[in-house]
Amino acid sequence: MDTQRLLKYTAAVISEFSLAHNLTFAQAFRYLKRYKGIEFVKRHYEVEHTLSFDDVVDDLTTYCKRMGGRLV
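Residues 1130 to 1201, numbered by the working numbering, are exactly what the sequence shown covers, in order.
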């Protein structure tokens, strides 16, 4: 896995997540880190990067909720 691509993709996902949930980038990063969303993106990058950002945000929202997050 190309680390640079993963980092750029992760930053883009955090940005899209922040827009979808009306958060700042920093708030979205902290939320995703706390509820293991960053790990989810890293672990499932090979599949997730083939999906639309809307689908990825939905996946992350669902996953973080299962991990205790309460955005939804």
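The C-beta atom is built at its ideal place from N, Cα and C for all residues, glycine as well.
| query | result |
| --- | --- |
| Would you give the residue range spanned by the alpha helix (DSSP H) that Tyr-1160 belongs to? | 1154 to 1163 |
| Mark Leu-1161 as exposed unless 16 or more other C-beta atoms lie within 10 angstroms of its C-beta, in which case mark it buried. | buried |
| Let me confirm a value: Gly-1166 is counted as buried when at least 16 other C-beta atoms fall within 10 Å, else exposed. Which label applies? | buried |
| Grouping DSSP H, G and I as helix and E and B as strand, with all else coil, what is Leu-1136? | helix |
| Tell me the residue span of the alpha helix (DSSP H) that contains Thr-1179. | Per DSSP, Thr-1179 belongs to no alpha helix (DSSP H) and is neither H nor E. |
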